[in-house]
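Asks: Below is one structure. I have some questions about it.
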Amino acid sequence: MAQSISLSLLESTTLSKGVRLKVVALFKTLGTLTLLLIALPFNALIVLISLLWRMMRSPFTRNVVAAHSQTILVSKAKMTKALQLTRSFHATGQTVSD
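Residues 6 to 103 in the numbering used here are what the sequence shown lists, from first letter to last.
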């Protein structure tokens, strides 16, 4: 009345489960890459329009230069906020060090 389960049967189910997980991960990766390839032309169009708009606007913008250039120290300049501050100060003619 007692049933025994062979070890080879247990190993084959765990092996197929592992293979199934790898196949699912592969399809997720391929699906993500497919969606990124579909979005690529739209992203490229947005970047192209942005670059053209910047080139058309550049002759009409004034370059602001500080009358008395100062040296500004920005700590943790790799953070997004500090990086934006650094770029803004540099655009106005300030000397920036991090």
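Backbone N, C-alpha and C define an ideal beta-carbon position, used for all residues, glycine too.
This one's a predicted model, so the numbers in the text were calculated from it and none came from an experiment.
In the structure shown, what three-state DSSP assignment does Ser55 receive?
Replies: To locate residue 55, count along the sequence shown from 1; it is residue 50. Reduced to three states, the DSSP call for Ser55 is helix.
Asks: Do you know how far the Cα of Leu88 is from the Cα of Leu38?
Replies: In the sequence shown, the residue the question calls residue 38 occupies position 33. In the sequence shown, the residue the question calls residue 88 occupies position 83. Cα to Cα, the separation comes out at about 31 Å.
Asks: Span of the beta strand (DSSP E) holding Thr66?
Replies: Translated into positions along the sequence shown, residue 66 becomes position 61. From DSSP, Thr66 is part of no beta strand (DSSP E); its letter is neither H nor E.
Asks: For Val24, does the three-state DSSP call read helix, strand or coil?
Replies: Within the sequence shown, the letter at position 19 stands for residue 24. Note: Val24 maps to helix in three-state DSSP.
Asks: Please state whether DSSP places Val79 in a helix, a strand or coil.
Replies: Here the question's residue 79 lines up with position 74 in the sequence shown. Coil at Val79, not helix or strand.
Asks: Along the chain, where does the alpha helix (DSSP H) containing Thr85 start, and where does it finish?
Replies: Taking the first residue of the sequence shown as position 1, residue 85 is located at position 80. Per DSSP, Thr85 belongs to the alpha helix (DSSP H) from Thr85 to Ala96.
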